[in-house]
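Q:
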Amino acid sequence: MQRDAYVPPTAGGGAARGGGGYGGGGGGGDIPRQVSMKYLCADCGKSVTINKGDMIRCKECGFRILYKERTKRMVQFEAR
1 MQRDAYVPPT AGGGAARGGG GYGGGGGGGD IPRQVSMKYL CADCGKSVTI NKGDMIRCKE
61 CGFRILYKER TKRMVQFEAR
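Counting in full-length UniProt numbering, the sequence shown runs from 1 upward without gaps.
1) What is the DSSP secondary structure of Glu78, reduced to helix, strand or coil?
2) For Ile50, which of Cys61, Lys38, Ala42 has the nearest alpha-carbon?
3) Quick one: what's got a C-beta closer than 6 angstroms to Asp43's C-beta in the same chain, skipping five residues either side?
4) So the beta strand (DSSP E) Val35 belongs to, where does it begin and stop?
5) Taking DSSP as the reference, what is the three-state secondary structure of Val48?
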């Protein structure tokens, strides 16, 4: 008795069915998003935007220690 073999999901299969797939959220589908994050340099204090794959280095002074910026949206936790 052999059960149905495992079939891995295809690249566009999840988004076409409305499941979101591996895209990390709704729309877009086949369009890859450029992921960039803002950091603060630990040496000069300038704001640095780094894309995925870029070197972790301040573009102003070359320092390699960067701090992630705090979120601006309100975060609320429920106490139990």
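For glycine and all other residues, C-beta sits at the position ideal for the given N, C-alpha and C.
Predicted, not measured: the structure shown is a model, and the values here were computed from it.
A: Taking the structure as given:
1) Taking the sequence shown and counting its residues from 1, one reaches residue 78 at position 78. Here Glu78 sits in coil by DSSP.
2) Sequence index remark: in the sequence shown, residue 50 carries index 50 (1-based). Of all alpha-carbon atoms in Cys61, Lys38, Ala42, the one lying nearest the alpha-carbon of Ile50 is that of Lys38.
3) On the sequence shown, position 43 is the one that residue 43 refers to. Result list for Asp43: Cys61, Phe63, in chain order.
4) The residue labelled residue 35 in the question sits at position 35 within the sequence shown. Counting along the chain, Val35 falls outside any beta strand (DSSP E), and DSSP gives it neither H nor E.
5) For the purposes of this step, residue 48 is taken as residue 48 along the sequence shown, with counting starting at 1. Reduced to three states, the DSSP call for Val48 is strand.
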